[in-house]
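Chemist: The structure follows.
As structure tokens, this is what we get:
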């Protein structure tokens, strides 16, 4: 029976290691963002996992179909954490939120389309593993 104790300890250590996984969010692009009186959206995206901010993209000026090159990584993500992407329109006084995309993380690679409340669609890919 004593020989099973090291095996149990090894399994407990292994299970605590695989709980946390690397999250990678990439291939962010939007289509058909709204235009207001001849002014095209100056869009950017903020990315967070749970309560941790992973950062934001650069601003794509005057582009209703922007694509962002930034990739976001987070080494302490867990399955079932909430991934949140917020799409914003940069303005002089305060930025307008175009929509929020939320997804519960699962292990693997997934591509998603998110329909924004003020018009347009955000496309993105994430990998958790």
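In mature numbering (1 follows the signal peptide of the UniProt record, and there is no 0), the protein residues as written are -21 to -1, 1 to 108. By construction, the Cβ of each residue, glycine as well, lies at the ideal position given by its N, Cα and C atoms.
In whole angstroms, give me the CA-to-CA distance for residue 51 and residue 16.
Modeler: Rounded to whole angstroms, residue 51 to residue 16 spans 33 Å at the Cα level.
Chemist: For a test of the three-state rule: what should DSSP assign to residue 48, helix, strand or coil?
Modeler: coil
Chemist: Give the straight-line distance between the Cα atoms of residue 6 and residue 18, rounded to the nearest whole angstrom.
Modeler: If you take the alpha carbons of residue 6 and residue 18, they lie about 25 Å apart.
Chemist: Nearest-angstrom Cα distance between residue -14 and residue 55?
Modeler: The predicted model places residue -14 with a pLDDT of 48, which falls under 50 and marks its position as unreliable; any figure quoted below should be read in that light. Taking the straight line joining both Cα atoms gives about 24 Å.
Chemist: On the DSSP bridge list, what partners appear for residue 57?
Modeler: -2
Chemist: In the DSSP assignment, what are the bridge partners of residue 34?
Modeler: 26
Chemist: So what's residue 4 in DSSP terms, helix, strand or just coil?
Modeler: strand
Chemist: Name the one or two DSSP bridge partners that residue 15 has.
Modeler: 18
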